[in-house]
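Data first, discussion second: the structure below is written as structure tokens.
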Amino acid sequence: MLIEDDAVEADLIKTVMADPSLGERINVINSGEEALKMLHREPPYTDQPLPGLILLDLHLPRIDGHQILRDIRKNSATQYIPVVVFTGASESKELEEVYAEDANCVIQKPTNSAEYIRTVKTIANFWLRTVTLPPGDQYRWFYARSKTHFINWRQ
12 MLIEDDAVEA DLIKTVMADP SLGERINVIN SGEEALKMLH REPPYTDQPL
62 PGLILLDLHL PRIDGHQILR DIRKNSATQY IPVVVFTGAS ESKELEEVYA
112 EDANCVIQKP TNSAEYIRTV KTIANFWLRT VTLPPGDQYR WFYARSKTHF
162 INWRQ
């Protein structure tokens with residue numbers, strides 16, 4: 012799941028994730044409000060499984076990434092979902108706050124497009140192929156909204 016309000020960045024990440032060698036698709040949510048609805052399985056997301064990974068931008072309108080991260084960690088259904096904060100923020104105080112809110116990691120968004128693409132591929136390879144996640148449906152299934160079906164990314 013990608014929570015990103017910048018349509019250009021979201022499209023770039025979706026394009027990289029559509030690379031057949033990665034074999035993954037990503038569900039893009041463009042606001043904090045929609046992200047919380049999805050994570051709480053509120054309509055129209057009541058039948059969708061929880062994501063296996065969340066890429067989170069910090070600077071979202073109204074409900075920011077900090078609020079979303081705190082909500083994820085206090086909810087027993089979502090508290091163990093890996094959250095990668097993918098941000099342009101570079102202030103050490105804000106980065107310390109994100110780690111205090113239990114982000115799994117913080118990755119700076121590169122400004123160079125080639126490096127940006129390489130970074131997204133690295134994130135996908137590490138979190139979707141290398142890491143062994145705890146058992147459970149919320150970790151085994153990665154929702155592919157564009158295909159309207161589920162992809163089992165652990166097999």
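Sequential numbering from 12 applies to the sequence shown in the numbering used here. Cβ atoms here follow ideal geometry from the backbone N, Cα and C, with glycine treated the same way.
For residue i, which three-state DSSP category applies?
i       : result
Gln-78  : helix
Val-131 : helix
Val-142 : coil
Thr-57  : coil
Thr-26  : helix
Ile-37  : coil
Leu-71  : coil
Ile-65  : strand
Tyr-150 : Low local confidence applies: a pLDDT of 42 at Tyr-150 is under 50, so the model's placement there is unreliable, with the coordinate-based value given in what follows. Reduced to three states, the DSSP call for Tyr-150 is helix.
Ile-92  : coil
Roughly how many whole angstroms lie between the Cα atoms of residue i and residue j?
i       : j       : result
Gln-119 : Thr-89  : 24 Å
Val-95  : Asp-82  : 15 Å
Tyr-91  : Arg-84  : 7 Å
Asp-58  : Arg-52  : 7 Å
Gly-63  : Ser-101 : 26 Å
Tyr-56  : Pro-121 : 32 Å
His-70  : Ser-42  : 10 Å
Pro-72  : Asn-123 : 25 Å
Leu-61  : Asp-17  : 22 Å
Leu-139 : Met-12  : 12 Å
Leu-50  : Ala-125 : 32 Å
Leu-66  : Ser-87  : 19 Å
Going by other Cβ atoms of all chains shown within 10 Å of its Cβ, with 16 needed for buried, is residue i buried or exposed?
i       : result
Glu-15  : buried
Val-27  : buried
Val-142 : exposed
Gly-99  : exposed
Val-19  : exposed
Ala-135 : buried
Ala-29  : exposed
Leaving out five residues before and five after residue i in sequence, what residues of the same chain have Cβ atoms less than 7 Å from its Cβ?
i      : result
Leu-47 : Ile-74, Ile-79 and Asp-82
By Cβ distance below 8 Å, which residues in the same chain neighbour residue i in space, the five residues on each side in sequence not counted?
i       : result
Asn-115 : Pro-93, Val-94 and Val-95
Ala-21  : Leu-13, Glu-15, Val-39 and Asn-41
Considering only residues of the same chain and omitting the five flanking positions on each side of residue i, which have a CB-CB separation below 6 Å?
i       : result
Glu-112 : Leu-80 and Arg-81
> Are there three or more Cβ pairs, one per stretch, closer than 8 Å when the stretch 126-136 is compared with the stretch 101-108?
Replying inline: no
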